[in-house]
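Novice: Chains as they are written, first to last, in this note's numbering: chain A, 35 to 149; chain B, 59 to 826; chain C, 282 to 422.
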Amino acid sequence: MESLMAYVVGILFAAAIYMMLRRSIVKLVIGLILLSNAANLLIFVVSGMTRGAPPLLPEGTNAPLGAIADPLPQALILTAIVIAFGVLAFAVVLIRRAYEVVGTDDLDQMKDTDT
Amino acid sequence: MLLAVLSGFLLAMAVPALHRITGKYIGWALAFLPASLTVYFASLIPAVQANGSLLIEYAWLPGLDITLNFLVDGLSLVFALLISGIGTFILIYSGSYLAGHKYLARFFVLMLSFMASMFGLVLSDNLVTLFVFWELTSITSYLLIGFNHEDMEARKSALQGLFVTVAGGLALMAGLILLAIMSGSYSLSEILSSDMALHEHAFYTAAVICILAGTFTKSAQVPFHFWLPNAMAAPTPVSAFLHSATMVKAGIYLMARLNPSLGQGELWSQALMLFGAATMLTGAYLAFSSTGIKKVLAYSTIMALGTLTMLLGVGTELALTAFVCFLVAHSLYKGALFMIAGALDHETGTKDITVMGGLRKAMPVTAVIACLAALSLAGLPPLFGFIAKELLFESLLESPIWSASLTITMVLAAMLLVGVAGLVAIKPFFGQSGNTPKKPHEAPFGMLIGPAVLSVTALVFGLVPFLPEAALLQTAIGSVNGAAVETKLALWHGVNKPLMLSVISLLLGSGLLASWNRLRSPLAAINASAARFGPEAGYFKFMDGITIIAAWQTRILQNGVLGLYLLILVAVTFGLTGYTLLTQHGINLTLDLADSHFYEWGIALLLVAAATFSSTTHSRLGSVASMGVLGFGVALTFILFSAPDLGITQLLVETLTVILLVLVLFKLPEFGNLSSPFERYRDLAVAIFAGIVMTLVILAALDVQYFESISSYYIENSATLAYGRNIVNVILVDFRALDTLGEIFVLSLAALGVLSMIKLKAEDQHKP
Amino acid sequence: MKTNTLILHTAALFIMPLQLMFSLFLLLRGHDEPGGGFIGGLVAASAFVLYAFAFGATATRHILRVDPRDLLSAGLLFALASTIPAFLAGQPMLTAHWWELPLPGDTYLKLSTVLIFDIGVYAAVLGTIMTFVINLMESEE
């Protein structure tokens, strides 16, 4: 499964970067969301994917019964998801504000406005 | 001792408050500090005489081997006493000179900070602390030169001084680090007491060049001398204190300090002699050919600095004796003369000596003090300057190499100096009355006490040279030399070669002075044409060059096309990653389908389809919707592969993301086709390349495991140490709680950012 | 932004309390089962967002009772407050402390700095998202 997901993540990255390179500012935002999803999946995939063994300890024991999924990357990704949301909200509002001030959604035209 | 060094900084903080209390007597009030420090340093003399040196230790950054140790020996005490002693009178003087100035408090803050930095510089034992204080003096000097910040010329000069000294400071830092590597210690006392032959070390040449680059710029040696006369844009007390008596001598101090360790190499002594002699002659010539009284004094300071450097280069015991005597003599008379110059400027309204004359009637006290100081400058008995100059001649005559040429240079310089002394003492005060902008009258008491005390000290030292010698000079000479020295200072040596040379230079100098008015215009013409090829012209060319290069590279790199920045970033990042992967690991394309269930295939296809659709569609709504589909697909992946917490979080966040996009993005215009086909294919190529690199990175990462996973610690201890069975949550709120704390702070910053952007807009709309 | 469909109004009124209770449940059980401050905060936020879509920003402000900004700062203060016991005991920052309060009967109430910290996270996440959403909606109106 990991090798299959490696290709999927690759495609996600390509799509994200292509969108981020577009001149329309809305596409940049969508690229940003794609990128954070791709990055989260990347961490998830390289840490190994385990079926049906969540990192929970059964009641009454101090150790897992068998092999369980790695909890550390999951904690990392959980914070990453929430942070990405905060950053996204900031970026979206910033972009809307820029659009209102500059009056264009074309990144290339924004370069002339930093007066 | 720590308090003594830092007290200047502490008092500086209190200055604005003190200024309100003491009003116009602020100068007198503040002078208590350096005065008491003078007493304190003087009280250390007996201990230093008994032990040779004192080491007072404070740990600062013990982990980095940086200490706040203070090394007190003869040399540092001489400097400390000069700083505190002259500083006392300078502060009193400044109170009168700048009376009623609107930034008076700011001025004293800077002066006291400078004084404290200077103490730190001359007393530090650690090379790193020494360097920190060194830079602090450069910075305070910059602020003081530019004190009249509304004056364009002052700002330019301040910046010039800063650039030159700080550029030298960078070289010095490299040199000090090399020195520490060579000697294996950052402590000056250890470096000085080790008997390692540093001049045989492979780094010796590099270290000496770097250190000298620093000291030469600071002490205004040719070809870096040009910043010092420009620094005269500063108020006169600053020139008297920083740019004659103390800061410019920091470079001299460091050379003297390191002389016992580095002085054995030929490079050291020859470089010092060569540059010192050149500086001495240039300074003396330029001093004689200038007309502004402060410029005259500034150039004669350069001459003195050159002389001191040269004497260190000669390096014999006699030369070092001359070095210490000349150092003290110069600080005394030059401080006094600068204060006189300030008084003249203050009372007559001009700095130009050509318009001054006959002032002795209006300013009799000033005239007497000026003559006394000028006698010392010219090296005439019975002042201390005479003793210093006799020693100078004597040591040059006995110099092991280059004796003849050095002596001739010295005679020329001394001759010019006699002329200079006449310019500052005879020209303004005697002869016909000049036509000055203000009607001259005697300077106030606060401006006279400083130069008076300094000149009288020079006279006393000259009459009874035994006094300073026994007190401190001998110890100081010993610490420059690296071993104790027997000296015998006397005013009268009998008729000998040095005396003959003095008489010759005096006679020639008097002749020069007599013909000064005739010489003036040809000299000015020569200087003007020389200035076009001088080092200062080079400085301006260099600065212009930097500006041009900066403009050019900004145009190339910062062209404002954001998409291009991103393209370059992506291409470089993934290019380098791909290259490293290729060379370090090799390409390994595997696709193992056997271990996947069909519904997992379904999810993979869903993800790919959603990503492709959202990046190719022309519909905004379609793009956002497929983004949502992709997010839910990711959530599904998390849930299927044992990450319930992630799954739930992803689902919730995805919902909120879509809501957010709906709230905001639909205010923006529809997608349009903005790029040309070429741009699109170019971007597509880069994006596909990046995607391939990422796939390869993941496959490579799956192949190898370099370290044991640290997760096992969390799994084992989650229940026993943290009493929790959801290990992900335990990591978040217990094991790595600090990270989480940081994260919620980031979140709140994002919220505040959003809030302020929205509120800002509301305010804009309220405006008409 | 305010919708006038009866179904959404009714649904929001019924679902919101359930969601809020569920979010508290998730928060409290988070240490042992899936859940925790992040997830609880997100669930609570979506409850209020649903309410906001049904009844508008002003009504949501009213039902929240406090400004979302205050909620945010309260969350940060809670999280910081959880460091105090360790500070007083001279331990490294954020070292966990546990207390058991006896309740009537044979049960104990387990309290810990970890729980306080998680409540802080809950409030901070809720406050952040509500700051985003309410202010954005108000700027639309």
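Glycine included, every Cβ here is placed at the ideal spot set by N, Cα and C.
Bear in mind the structure is a predicted one, so any value in this text is a computation, not a measurement.
Using 8 Å as the cut-off, classify the Cβ of G401/C as near or not near the heavy atoms of the ligand PLP, replying yes or no.
Specialist: The model depicted lacks the ligand PLP and carries no ligand whatsoever.
Novice: Taking 9 Å as the CB-CB cut-off, is F336/C touching chain A?
Specialist: Judged by the 9 Å Cβ criterion, F336/C is not in contact with chain A.
Novice: Please report the Cβ distance between L128/A and M815/B, rounded to the nearest whole angstrom; I am assuming they are in contact, meaning their Cβ atoms lie under 8 Å.
Specialist: That pair is a contact at about 6 Å.
Novice: Enumerate in chain order the residues of its own chain whose CB-to-CB distance from Y98/B is below 7 Å, with the five nearest sequence positions on each side excluded.
Specialist: If we look at Y98/B and ignore the five residues flanking it on each side, its Cβ neighbours are A62.
Novice: Would you say the region 418 to 434 of chain B touches the region 166 to 184 of chain B, given that touching needs at least three Cβ pairs under 8 Å?
Specialist: With a cut-off of 8 Å, the region 166 to 184 of chain B and the region 418 to 434 of chain B do not count as touching, because too few Cβ pairs lie within range.
Novice: Please tell me whether L300/B and F166/B are closer than 9 Å, where the distance is taken between their beta carbons.
Specialist: Cβ distance not < 9 Å, so L300/B and F166/B don't count as in contact.
Novice: What first and last residue would you give for the alpha helix (DSSP H) that runs through P287/B?
Specialist: Looking at the DSSP string, the run of the alpha helix (DSSP H) that includes P287/B is 285 to 288.
Novice: Please confirm if the region 778 to 789 of chain B is in contact with the region 341 to 360 of chain C, defined as three or more CB-CB distances below 8 Å between the two stretches.
Specialist: Touching, no, given that fewer than three Cβ pairs across the two stretches are closer than 8 Å.
Novice: Using a Cβ-Cβ cut-off of 9 Å, state whether R794/B counts as contacting chain A.
Specialist: Yes, R794/B lies at the interface with chain A (some Cβ there is under 9 Å from its Cβ).
Novice: DSSP three-state call for F413/C: helix, strand or coil?
Specialist: The answer is helix: DSSP assigns F413/C an H, G or I state.
Novice: If you compare alpha carbons, which of A50/A, M39/A, V116/A is closest to L407/C?
Specialist: Comparing Cα-Cα distances from L407/C to each of A50/A, M39/A, V116/A, the minimum goes to V116/A.
Novice: May I ask you to list, following chain order, the residues of the region 672 to 706 of chain B that have a beta carbon less than 8 Å from some beta carbon of chain C?
Specialist: Those residues of the region 672 to 706 of chain B that come within reach of chain C (Cβ to Cβ, closer than 8 Å) are P702, D703, I706.
Novice: Starting from G350/B, follow its DSSP beta bridges and name the residues at the other end.
Specialist: Partner(s): D410/B.
Novice: If distances are taken between C-alpha atoms only, which option among P422/B, L355/B, H551/B, A345/B comes closest to I445/B?
Specialist: The option with the nearest alpha carbon to I445/B is H551/B.
Novice: Could you have a look at F261/B and say whether DSSP puts it in helix, strand or coil?
Specialist: Here F261/B sits in coil by DSSP.
Novice: Check distances from the C-beta atoms of the region 707 to 733 of chain B to those of chain A and list, in chain order, the residues that come in under 8 Å.
Specialist: Of all residues in the region 707 to 733 of chain B, T707, Q708, V711, L714, T715, L718, L719, V722, L723, K725, L726, P727, F729, G730, L732, S733 have a Cβ within less than 8 Å of some Cβ in chain A.
Novice: So, does the CB of I816/B fall closer than 9 Å to a CB anywhere in chain C?
Specialist: With 9 Å as the cut-off, I816/B counts as an interface residue toward chain C.
Novice: Going by CA-CA distance only, name the one from F381/B, A693/B, L433/B, V804/B that's closest to L517/B.
Specialist: Among F381/B, A693/B, L433/B, V804/B, the Cα nearest to that of L517/B is on L433/B.
Novice: Do I51/A and V744/B have their C-beta atoms closer together than 9 Å?
Specialist: Their beta carbons are under 9 Å apart, which means I51/A touches V744/B by this criterion.
Novice: On the premise that G416/B lies in contact with G492/B, defined as a C-beta separation below 8 Å, what is that separation, rounded to the nearest angstrom?
Specialist: Yes, they are in contact, since the Cβ atoms of G492/B and G416/B sit about 7 Å apart, within 8 Å.
Novice: Would you say V126/A lies against chain B (beta-carbon separation less than 9 Å)?
Specialist: Yes, contact with chain B.
Novice: Rounded to the nearest angstrom, how far is the Cβ of L68/A from that of L46/A, given a contact under 8 Å?
Specialist: Indeed, because the Cβ distance is near 6 Å, the residues count as touching under 8 Å.
Novice: So V136/B and V382/B are supposed to be a Cβ contact under 8 Å. How far apart are they, rounded?
Specialist: Indeed they touch by this definition, with Cβ atoms about 7 Å apart.
Novice: Given L236/B, which residues of its chain have a CB within under 7 Å of its CB, disregarding the five upstream and five downstream residues?
Specialist: So the qualifying residues of the chain are F261, A264, A265, C268.
Novice: For V136/A, return the contacting residues in chain B, with the cut-off set at a CB-CB distance below 9 Å.
Specialist: Those within 9 Å of V136/A in chain B number zero; the least Cβ separation is about 12 Å.
Novice: Taking only beta-carbon positions, decide if F329/C is within less than 9 Å of chain A.
Specialist: It does not; no Cβ of chain A falls within 9 Å.
Novice: Three or more C-beta pairs under 8 Å: does that hold for the region 236 to 254 of chain B against the region 274 to 292 of chain B?
Specialist: As far as the Cβ criterion goes, the region 236 to 254 of chain B does not touch the region 274 to 292 of chain B, which means the pair count is below three.
Novice: For a minimum of 3 consecutive residues, which ranges assigned as the beta strand (DSSP E) are wholly contained in the region 105 to 154 of chain B?
Specialist: The qualifying runs are 111 to 114, 117 to 119, 128 to 131.
Novice: Give the DSSP bridge partners of S241/B, in chain order.
Specialist: According to DSSP, which records beta bridges pairwise, S241/B is partnered with nothing at all.
Novice: Can you check whether the C-beta of L417/C is within less than 9 Å of a C-beta belonging to chain A?
Specialist: With 9 Å as the cut-off, L417/C counts as an interface residue toward chain A.
Novice: Any contact between the region 317 to 330 of chain B and the region 369 to 377 of chain B? By contact I mean 3 or more CB pairs, one from each, below 8 Å.
Specialist: Verdict: yes, contact present.
Novice: Between the region 314 to 331 of chain C and the region 361 to 372 of chain C, do three or more beta carbon pairs fall short of 8 Å?
Specialist: No contact exists between the region 314 to 331 of chain C and the region 361 to 372 of chain C.
Novice: Counting pairs of Cβ atoms below 8 Å between the region 299 to 316 of chain C and the region 100 to 117 of chain A, do you hit three or more?
Specialist: They do not touch, by the three-pair rule.
Novice: Name the chain A residues that come within less than 8 Å of L742/B, Cβ to Cβ?
Specialist: Correct list: Y52.
Novice: Might you give, ordered along the chain, the residues of its own chain that have their beta carbon closer than 8 Å to the beta carbon of N59/B, omitting 5 neighbours on each side?
Specialist: Contrary to the premise, residue 59/B reads as Met rather than Asn in this sequence. Same-chain partners within the cutoff: I114, F128, V130, L181.
Novice: Taking CB distances under 9 Å as the criterion, tell me whether T286/C reaches chain B.
Specialist: No, its Cβ sits nowhere closer than 9 Å to a Cβ of chain B.
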